[in-house]
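Residue numbers (full-length UniProt numbering): 1 to 232.
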């Protein structure tokens with residue numbers, strides 16, 4: 001089934017990754033949420049700085065991220081990375097923070113099996129775009145491939161906040177020297193914050209200080225009404 005879907009994507013002209021109705025990468029309507037200003041997220045778990053995000057993980061954005069991560073539409077890294085750059089900029093520590101340690105951008109790692117299956121590392125690609133945008137805007141934040149998954153992790157879909165935390169406990173470790181670094185941690189979507197919290201734990205265990213967190217999107221906490229500015 002996946003093979004047929006990928007073959008259709010290859011043979012047919014490119015359509016909007018969000019709605020599939022216009023012959024473009026992203027139509028204006030589907031791209032609009034990714035152009036919104038960054039806002040804070042109220043995460044469900046402790047252990048991370050309050051994350052910043054740009055969009056709600058619902059509607060066309062679900063299809064956009066699926067097309068980028070699972071269907072090989074890697075050109076979507078550009079609009080997704082631009083959105084992440086705004087979230088990172090909002091998450092950066094204020095100038096009053098002691099600047100005596102190097103600041104780095106670190107992404108939550110994907111599993112090796114997932115990277116092989118997809119043929120690319122989605123979050124790394126988005127982070128690369130975000131870093132280029134930040135440097136172009138005069139914010140030199142180098143990225144660092146600092147983390148890796150230690151083993152297989154069960155699919156998080158459908159798990160409660162407590163189950164997500166248990167599923168990820170001890171799943172991430174440092175793969176590079178981060179001792180003395182200040183880190184802004186990034187992920188694509190925050191739901192309960194468990195992935196960010198586990199990555200932050202691994203960074204702190206290796207001697208880093210996590211000073212900010214940023215994502216492209218956040219799952220709305222209340223699906224029956226439009227989320228307020230402090231609920232994403």
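All C-beta atoms in this analysis are idealised placements derived from N, C-alpha and C, irrespective of residue type, glycine included.
Contacting residues, own chain, Cβ-Cβ under 6 Å from residue i (five flanking each side not counted)
i	result
residue 85	130, 133, 134
residue 93	211
residue 102	181
residue 30	16, 18, 19, 60
residue 73	17, 67
residue 177	none
residue 125	77
Residue i at chain B interface by Cβ criterion, 8 Å
i	result
residue 81	Judged by its chain identifiers, the structure shown contains no chain B, having just a single protein chain.
Where residue i falls, given that 16 or more other Cβ within 10 Å makes a residue buried
i	result
residue 207	exposed
residue 200	buried
residue 82	buried
residue 67	buried
residue 39	buried
Spatial distance of residue i from residue j (CA atoms)
i	j	result
residue 195	residue 185	10 Å
residue 109	residue 209	18 Å
residue 220	residue 191	8 Å
residue 122	residue 202	21 Å
Closest Cα partner of residue i within the set the options
i	options	result
residue 111	31, 91, 150	150
residue 24	76, 35, 204	76
residue 218	65, 26, 28	65
residue 174	68, 88, 146, 58	146
Residue i Cβ short of 7 Å to the ligand PLP heavy atom set
i	result
residue 198	Looking for the ligand PLP in the displayed structure turns up nothing, as the structure carries no ligands at all.
Ranges of the alpha helix (DSSP H) found wholly within the stretch 52–97, counting only runs of at least 4: Whole alpha helix (DSSP H) segments, 4+ residues: 60–70, 77–91.
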